[in-house]
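For reference, the structure discussed in these notes is given below.
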Amino acid sequence: MGISVREIPDTSIFDLRLSRRGKRLNRMCAALCSPAERDAFKKDEEAFMERFSLNEQEKHLIRSRDFKGLIEAGMNIYAMLKIGSATGNSLYRMGAQMRGETYEEFLKTRNISGAV
Amino acid sequence: MGRIVGGIGLSHVPSVGPVVDRKRESDPAWKPLFDAYVPVREWLAKLKPDVAIVVYNDHVAEFTFDKYPTFALGAADRYAIADEGFGTRPLPEVAGDADFSIHLCEELINREFDLTVCQELGVEHGFLVPMNLCFPHTSSGWPVKSVPLQVNVVQHPLPTARRCYRLGQALREAVSSYPQDLKVVVLGTGGMSHQLQGKRFGFMNEKFDQWFLDELERNPESLTSLSHHKIMEQAGAEAVELIMWLTMRGALSPNAKRVHRHYYAPMTTGMGLIAFED
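Shown next, in the form of structure tokens:
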């Protein structure tokens, strides 16, 4: 066994084991760096997911915009920003969901919530 | 002779990009950040560097996890603006200095830093936001040439803090051995405290960040023993990007003079700034 990273509460550490688990999801997100692929995703999400061979659980997480679940399934946070953008979910909206708060509740916890 | 004349540690928060593109720098929420860079830009205008070596990380735009380099150096005369999933920003392409990059590759690899060499490389917010803050562009281009130096701070295992610092030291030797007269600044980017996922999303730690800035100035060697775990535990998982600031600091002489320092943490990232003249 290699030296793996130690756990930190309420934190996901993106290591090779997690990266391997999330390979299909991360490949799909990386494709969204092309405008044509973003259009294809928006036009037919199901066909897009099929093209990247997502399994049923992964498809469910995408359909339900379950960002907490996607991170646990191995999606990298920077890959997730691309799916967030394609589905109209900003980083802060995704973050609020991961914290278990509404967007408005989350903004109230910030020092200067106008810097978005 | 190549000479390192300065180093800057600074955050690369993506939301700064649209602020620059839409000219919203004087919005009340953003003004404190941009005001802090006014004296930095004046200082840089006097230093007149020829090249900026930007130590940064890509965010799954150019490098994907199918193949992921630990250290990658740009060796091109131009770097395209990458689309990282939100559209291509309206910025001029970045001029490189391929001859200087090739020299750096030869010297660094000879010093046992086995880099991935990139003759085609697009750059995104990790690189561009620091450039926006330090070197305002015009429609015809940027005031300096650049060399992108990409570090894996995303997919563990990451290079250690000490390895990043030593890369900076090797970079200094490599720059010093360049036969042409060239003034170089090194930008170490990313951080400071932030966590972008999990229930601890939004976590920041100003006390840690201020301590890191103090140590970076007075006692940088001590930071090389920081573990990734300690940085992530104290300052959030994504704060581990701070190891890239150690490459910048390692490239400076130990007694480089700190000339600017600022800290602003409006939303989810402790946005730090520290500049050294060497």
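Line order of the protein sequences matches chains S and X.
For the first sequence, the positions run 3 to 118 when this note's numbering is used.
For the second sequence, the positions run 3 to 280 when this note's numbering is used.
No residue lacks a Cβ here, since even glycine has one placed at the ideal position from N, Cα and C.
Q.
Is it buried or exposed, valine 40 (chain X), if we count other Cβ atoms within 10 angstroms and call 16 or more buried?
A. Valine 40 (chain X) is exposed by the Cβ-count criterion.
Q. Would glutamate 86 (chain X) count as contacting chain B if we go by Cβ distances under 8 Å?
A. Looking for chain B here will not work: the only protein chains present are S and X.
Q. Under a three-way DSSP split, which group does alanine 49 (chain S) fall into?
A. Of the three classes helix, strand and coil, the one that applies to alanine 49 (chain S) here is helix, per DSSP.
Q. The ligand SAM heavy atoms versus the CB of phenylalanine 65 (chain X): any closer than 7 Å?
A. The ligand SAM is absent from the structure shown, which contains no ligands of any kind.
Q) Exposed or buried, lysine 48 (chain X), counting other C-beta atoms within 10 Å across all chains shown (16 or more means buried)? A) Exposed: under 16 other Cβ atoms inside 10 Å.
(Q) Quick check on lysine 69 (chain X): does DSSP put it in helix, strand or coil? (A) Lysine 69 (chain X): coil per DSSP, three-state reduction.
Q: Pull up the distance between the alpha-carbon of glycine 97 (chain S) and that of leucine 18 (chain S), whole angstroms please.
A: One alpha carbon belongs to glycine 97 (chain S), the other to leucine 18 (chain S), and they sit about 23 Å apart.
Q: Name, please, each residue of chain X whose Cβ falls closer than 7 Å to the Cβ of tyrosine 105 (chain S).
A: What tyrosine 105 (chain S) touches in chain X: nothing, since even the nearest Cβ is about 12 Å away.
Q: Mind reading off the beta-carbon distance from leucine 117 (chain X) to alanine 74 (chain X)? Whole number of angstroms is fine, and I expect it under 8 Å.
A: Going by Cβ atoms, the distance from leucine 117 (chain X) to alanine 74 (chain X) rounds to 6 Å, so yes, they are a contact pair.
Q: Taking methionine 51 (chain S) as the query, report the chain X residues whose CB atoms sit under 7 Å from its CB, ordered along the chain.
A: Ordered by position in chain X, no residue passes the 7 Å Cβ test against methionine 51 (chain S), which lies about 17 Å from the chain.
Q. Does the distance from the CB of alanine 77 (chain X) to the CB of cysteine 120 (chain X) come in under 8 Å?
A. Yes. Within cutoff.
**Q.** Neighbourhood of histidine 139 (chain X) by C-beta distance below 7 Å, restricted to the same chain and skipping five residues each side
**A.** Only Leu93 and Pro94 meet the Cβ criterion.
Q.
Using C-beta distances below 6 Å, list every residue in its chain close to phenylalanine 205 (chain X), excluding the 5 sequence neighbours before and after it, in chain order.
A. Apart from sequence neighbours up to five positions away, the residues of its chain that approach phenylalanine 205 (chain X) with a beta-carbon distance below 6 Å are Gln197 and Gly238, ordered along the chain.
Q) When DSSP labels each residue in this structure, what does glutamate 114 (chain X) get in the three-state scheme? A) Per DSSP, reduced to three states, the secondary structure at glutamate 114 (chain X) is coil, with no helix or strand assignment.
Q | alpha helix (DSSP H) segments (min. 4 residues) lying fully within the segment 153–232 of chain X | A | Secondary structure remark: continuous alpha helix (DSSP H) runs of at least 4 residues inside the segment 153–232 of chain X, in chain order: 163–178, 208–220 and 222–225.
Q: Please compile the residues from chain S whose C-beta is within a distance smaller than 8 Å of the C-beta of glutamine 152 (chain X).
A: The contacting residues do not exist; glutamine 152 (chain X) stays about 13 Å from chain S at best.
Q: Identify each residue in the segment 235–255 of chain X for which the Cβ-Cβ distance to at least one residue of chain S is less than 7 Å, and report them in chain order.
A: Under the 7 Å Cβ criterion, the segment 235–255 of chain X contributes Glu235 and Ala239.
Q: Measuring only between beta-carbons, confirm whether phenylalanine 43 (chain S) sits less than 8 Å from chain X.
A: Chain X has no Cβ within less than 8 Å of the Cβ of phenylalanine 43 (chain S).
Q) When the Cα of asparagine 78 (chain S) is compared with those of S:Ser55, S:Val7, S:Ile15 and S:Arg8, which residue comes out closest? A) Checking every option, the nearest Cα to that of asparagine 78 (chain S) belongs to S:Ile15.
**Q.** Members of the segment 153–175 of chain X near chain S, C-beta cut-off 8 Å
**A.** Within the segment 153–175 of chain X, those residues whose Cβ lies closer than 8 Å to any Cβ of chain S are, in chain order, Val156, Gln157, His158 and Pro159.
Q | Where proline 150 (chain X) falls: helix, strand or coil (DSSP) | A | In this structure, proline 150 (chain X) counts as strand in the three-state DSSP scheme.
**Q.** Inter-residue CB distance, arginine 8 (chain S) and histidine 231 (chain X) (contact presumed, cutoff 8 Å)
**A.** Their Cβ separation, rounded to whole angstroms, is 5 Å, which keeps arginine 8 (chain S) and histidine 231 (chain X) in contact under 8 Å.
Q) Among X:Ser224, X:Met269 and X:Ala54, which one has its Cα closest to the Cα of glutamate 208 (chain X)? A) Put simply, of X:Ser224, X:Met269 and X:Ala54 the residue whose alpha carbon is nearest the alpha carbon of glutamate 208 (chain X) is X:Met269.
(Q) Check for me: the beta strand (DSSP E) holding lysine 50 (chain X) runs from which residue to which? (A) Secondary structure note for lysine 50 (chain X): it is in no beta strand (DSSP E), with a DSSP letter that is neither H nor E.
(Q) With a threshold of 8 Å between beta-carbons, can arginine 95 (chain S) be considered close to chain X, or not? (A) Not one chain X Cβ lies under 8 Å of arginine 95 (chain S).
Q. Going by beta carbon distance, what residues of the same chain come within less than 7 Å of threonine 13 (chain S), once the five residues before and after it are set aside?
A. Within the same chain, threonine 13 (chain S) has no close Cβ partners at all.
Q: Determine, using beta carbons only, whether proline 65 (chain S) comes closer than 8 Å to chain X.
A: Residue identity check: residue 65 (chain S) is arginine in the sequence provided, not proline. The Cβ of arginine 65 (chain S) sits no closer than 8 Å to any Cβ of chain X.
**Q.** Residue from X:Gly252, X:Glu243, X:Asp60 and X:Asp79 whose Cα sits closest to the Cα of glycine 2 (chain X)
**A.** Any property of residue 2 (chain X) remains undetermined from this structure, which presents chain X solely from 3 to 280.
(Q) On a Cα-Cα basis, can you pick out the residue from X:Asp29, X:Gly87 and X:His61 that is closest to serine 36 (chain S)? (A) With distances taken between CA atoms, serine 36 (chain S) lies nearest to X:Gly87 out of X:Asp29, X:Gly87 and X:His61.
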